[in-house]
DNA sequence: GCCTAGGTCCCGTTC
DNA sequence: GAACGGGGCCTAGGC
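In structure tokens form, the structure reads like this:
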């Protein structure tokens with residue numbers, strides 16, 4: 001692990017440090033007064049101001065202001081970083097192809113530049129995803145409906161893959177769409193597309209089906225939306241389509257609970273602590 | 001503009017600098033060896049490794065590894081940052097409510113800590129959005145269909161707002177959905193929801209309609225998807241629903257072109273330049 | 001490479 | 001505050 005940091009370097013110095021850091025495959029941060037131009041899938045211009053530029057060895061580039069989780073400008077991994085001094089400015093350019101996109105940061109002044117060699121795990125262990133919800137449903141299919149039996153996951157249809165496909169106690173096909181969180185109309189539309197596709201399949205253009213199959217397929221394919229909750233409009237649409245809602249989310253016990261992390265009560269032997277409150281105004285420290 | 005930077009601070013020093021930086025409303029970067037825990041809408045654990053933590057005065061927190069555009073862990077703006085030393089580690093915690101979420105970063109060692117006061121514009125001028133496409137369509141409605149006349153934008157329906165609503169040369173209602181880029185099945189589903197809602201409206205449960213209106217509404221509401229291109233599956237679905245596709249994207253001339261930024265040919269008077277190529281293998285510098 | 005859908009999506013706008 | 005849809009969405013998984 002190494003960190004190189006230079007304060008208020010000349011453009012010449014900054015360029016040299018950038019070159020070296022590129023060579024080493026370092027994670028780089030550049031803080032300075034700059035303008036930013038982008039052109040590619042869209043195009044943008046950002047006027048002069050202080051920003052933090054992050055350059056990653058995988059080709060990712062991020063331009064951050066003092067606000068927001070999302071960078072004001074960026075380049076995804078796979079881009080190629082390029083630095084030069086021109087017209088009295090330090091230029092950092094990040095380019096990629098497919099789609100052709102260019103990000104250009106022009107520093108009129110660099111306040112600080114750092115380069116760090118990064119090591120260590122990148123594997124995030126995440127709980128509470130849709131996959132966890134699927135596991136839950138497959139382990140306890142009766143949560144969907146009494147007698148429900150899963151047949152396949154990611155079953156392909158003309159409209160896309162169905163999360164869980166199965167049959168109910170009457171032997172009728174069931175299309176299940178899973179959502180880890182509260183859903184809106186789009187999820188109902190997604191389910192409707194899948195159900196329509198399965199109905200089309202079973203009513204079989206040009207394919208042979210026994211009469212009773214063709215006759216019943218139209219109504220007998222059930223649609224079930226599994227989600228913790230629905231918006232009003234989603235519920236209306238769901239009812240219009242004749243689909244069902246099962247109120248269920250990913251298991252909450254998977255992973256550490258929010259309380260365990262949020263608990264301030266055992267901070268008694270802290271050396272010190274401090275806080276800053278975001279947004280408008282401040283509020284007293286809850287842990288006091 | 002001020003930058004404070006400390007190299008390999010003790011936890012005590014780091015804590016003091018963090019407190020001061022919180023107070024000043026600085027943009028903060030902490031680079032060090034740490035583990036990260038998150039609990040909230042989901043939950044995650046990240047083992048020990050070197051990462052870059054960014055703390056913004058608006059409450060945003062980002063944990064970045066050396067890979068990816070997306071932070072490995074984060075907290076959106078509106079969170080409250082909190083620092084302490086405990087069990088020989090520097091703890092930075094970022095909490096928010098609604099939803100209740102906590103991010104906890106435990107540093108066993110801080111390699112570098114910086115705090116910067118940020119000033120300057122945050123206004124990004126962006127071209128090539130869906131709004132630009134809408135402007136284009138409204139200025140030249142004949143691009144949708146001969147004789148098409150826009151009536152309203154963001155027209156409310158039971159299924160949500162329609163991008164552009166109008167009538168064609170036959171006086172039939174037209175629902176237009178705009179997409180700035182190539183679209184898949186989801187966009188067709190969205191259009192289908194809107195068209196169905198307008199049809200329901202015009203066939204009017206309980207409302208009076210002249211016979212010919214009610215009789216024709218079912219078929220006469222047209223759906224048009226405006227997008228640069230469609231996937232095959234989206235095209236199939238669109239055809240099934242009897243909707244039309246108009247191949248059109250946002251105006252390309254809005255904003256600087258990618259070529260203007262990407263052009264290396266005028267770098268002849270560079271002081272120097274360098275590049276790093278991402279991903280597997282390297283390729284020769286195109287500007288040579 | 002394209003396609004498809006998930007995401008701790010984030011984010012602005014409107015109600 | 002909730003909801004709804006856009007996004008330069010990004011990212012993973014198939015094919």
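Residue numbers (this note's numbering), protein chains in the order written: chain A, 1 to 288; chain B, 1 to 288. We put the beta carbon where it would ideally sit given N, CA and C, even for glycine.
Under DSSP, the alpha helix (DSSP H) around residue i begins and ends at which residues?
| i | result |
| --- | --- |
| residue 198 of chain A | 185-203 |
| residue 125 of chain A | Element bounds for residue 125 of chain A: not the alpha helix (DSSP H) but the beta strand (DSSP E), 124-127. |
| residue 153 of chain A | Note, residue 153 of chain A: premise wrong, no alpha helix (DSSP H); beta strand (DSSP E) at 149-157. |
| residue 114 of chain A | Not the alpha helix (DSSP H): residue 114 of chain A falls in the beta strand (DSSP E), residues 101-116. |
| residue 238 of chain B | 232-241 |
| residue 137 of chain A | 130-139 |
| residue 12 of chain A | 11-24 |
So is residue i buried or exposed if we call it buried at 16+ other beta carbons inside 10 Å?
| i | result |
| --- | --- |
| residue 138 of chain A | exposed |
| residue 5 of chain B | buried |
| residue 116 of chain B | buried |
| residue 119 of chain A | exposed |
| residue 99 of chain A | exposed |
| residue 43 of chain A | buried |
| residue 47 of chain B | exposed |
| residue 188 of chain A | buried |
| residue 292 of chain A | Limits of chain A in this structure are 1 at one end and 288 at the other, which puts residue 292 of chain A out of reach. |
| residue 182 of chain B | exposed |
| residue 2 of chain B | exposed |
| residue 281 of chain B | Any reading at residue 281 of chain B must be qualified, since the residue scores a pLDDT of 34, below 50, and its modelled position is unreliable; the value itself is stated next. With fewer than 16 Cβ atoms within 10 Å of its Cβ, residue 281 of chain B is classed as exposed. |
| residue 69 of chain A | buried |
| residue 94 of chain B | buried |
| residue 92 of chain B | buried |
Can you name the start and end residues of the beta strand (DSSP E) that residue i belongs to?
| i | result |
| --- | --- |
| residue 175 of chain B | 173-178 |
| residue 92 of chain B | 89-96 |
| residue 163 of chain B | 160-167 |
| residue 50 of chain B | 43-55 |
| residue 33 of chain B | 27-39 |
| residue 80 of chain B | 80-86 |
| residue 223 of chain A | 222-227 |
| residue 3 of chain A | 3-7 |
| residue 247 of chain A | 244-247 |
| residue 61 of chain A | 61-64 |
Excluding the 5 residues preceding and the 5 following residue i in the sequence, name in chain order all residues of the same chain whose CB lies nearer than 8 Å to its CB.
| i | result |
| --- | --- |
| residue 76 of chain B | 59, 60, 96 |
| residue 154 of chain A | 161, 162, 163 |
| residue 15 of chain A | 83, 84, 85, 90 |
| residue 7 of chain B | 111, 112 |
| residue 129 of chain A | 180, 250 |
| residue 74 of chain A | 60, 61, 62, 63, 103 |
| residue 157 of chain B | 194, 197, 198, 201 |
| residue 134 of chain A | 153, 163, 164, 178 |
| residue 79 of chain B | 59, 60, 61, 94, 95, 96, 101, 103 |
Quick one: what's got a C-beta closer than 6 Å to residue i's C-beta in the same chain, skipping five residues either side?
| i | result |
| --- | --- |
| residue 195 of chain B | 175, 221, 223 |
| residue 152 of chain B | 165 |
| residue 233 of chain B | 185 |
| residue 50 of chain A | 33 |
| residue 227 of chain A | 179, 183 |
| residue 192 of chain B | 241 |
Counting only the same chain and skipping the five closest in sequence on each side, list residues whose C-beta sits under 7 Å from that of residue i.
| i | result |
| --- | --- |
| residue 52 of chain B | 29, 31, 64 |
| residue 109 of chain A | 32, 33 |
| residue 269 of chain B | Caution is warranted here: a pLDDT of 44 is assigned to residue 269 of chain B, below 50, making its placement in the model unreliable, and the coordinate value is therefore given only provisionally. Nothing listed; no residue qualifies. |
| residue 26 of chain A | 57, 115, 116, 117 |
| residue 13 of chain B | 6 |
| residue 122 of chain A | none |
| residue 229 of chain B | 182, 247 |
What do you reckon, is the C-beta of residue i under 6 Å from a heavy atom of the ligand NAP?
| i | result |
| --- | --- |
| residue 74 of chain A | Of the ligands one can find in the structure shown there are none, so the ligand NAP has no counterpart to examine. |
* Asked: Taking contact to mean at least 3 C-beta pairs separated by less than 8 Å, is the region 94-108 of chain B in contact with the region 26-38 of chain B?
  -> Touching, yes, given that three or more Cβ pairs across the two stretches are closer than 8 Å.
* Asked: Does the region 228-247 of chain A come close enough to the region 11-25 of chain B that 3 or more CB-CB pairs lie under 8 Å?
  -> In this structure the region 11-25 of chain B does not touch the region 228-247 of chain A; the number of beta carbon pairs closer than 8 Å is below three.
* Using a Cβ-Cβ cut-off of less than 8 Å, list which residues of the region 41-53 of chain A approach chain B; keep chain order. => Correct list: 41, 42, 43, 44, 45, 46, 47, 48, 49, 50, 51, 52.
* Given 8 Å as the limit, is there contact between the region 134-150 of chain B and the region 168-186 of chain B, that is, 3 or more CB pairs closer than that? -> With the cut-off at 8 Å, the region 134-150 of chain B and the region 168-186 of chain B touch.
* **Selection of the region 117-130 of chain B by Cβ proximity to chain A, strictly under 9 Å** => From the region 117-130 of chain B, only 117, 118, 119, 120, 121, 122, 123, 124, 125, 126, 127, 128, 129 have a Cβ closer than 9 Å to chain A.
* May I ask you to list, following chain order, the residues of the region 4-16 of chain B that have a beta carbon less than 9 Å from some beta carbon of chain A? => Of all residues in the region 4-16 of chain B, 5, 7, 8, 11, 12, 15, 16 have a Cβ within less than 9 Å of some Cβ in chain A.
* Please list the residues of the region 58-69 of chain A that have a C-beta atom closer than 8 Å to any C-beta atom in chain B, keeping them in chain order. => Result list: 58, 59, 60, 62, 64, 65, 66, 67, 68, 69.
* Asked: Between the region 142-168 of chain B and chain A, which residues of the former have a C-beta closer than 9 Å to a C-beta of the latter?
  -> Within the region 142-168 of chain B, the qualifying residues are 158, 159, 160.
* Residues of the region 75-104 of chain B with a CB closer than 7 Å to any CB of chain A: list them in chain order, please. => Along the region 75-104 of chain B, going in chain order, the ones with a CB nearer than 7 Å to a CB of chain A are 76, 77, 78, 79, 80, 81, 82, 83, 84, 85, 86, 95, 100, 101, 102, 104.
* Asked: For the region 21-34 of chain B, which residues have a beta carbon sitting closer than 8 Å to at least one beta carbon of chain A?
  -> Residues 22, 23, 25, 27, 29, 31, 33.
* If you measure beta-carbon to beta-carbon, which residues of the region 183-202 of chain A are closer than 9 Å to chain B? -> Answer set for the region 183-202 of chain A: 184, 185, 186, 188, 189, 190, 192, 193, 196, 197, 200.
* According to a CB-to-CB cut-off of less than 9 Å, which residues of the region 234-247 of chain A neighbour chain B? -> Considering only beta carbons, the part of the region 234-247 of chain A lying closer than 9 Å to chain B consists of 236, 237, 240, in chain order.
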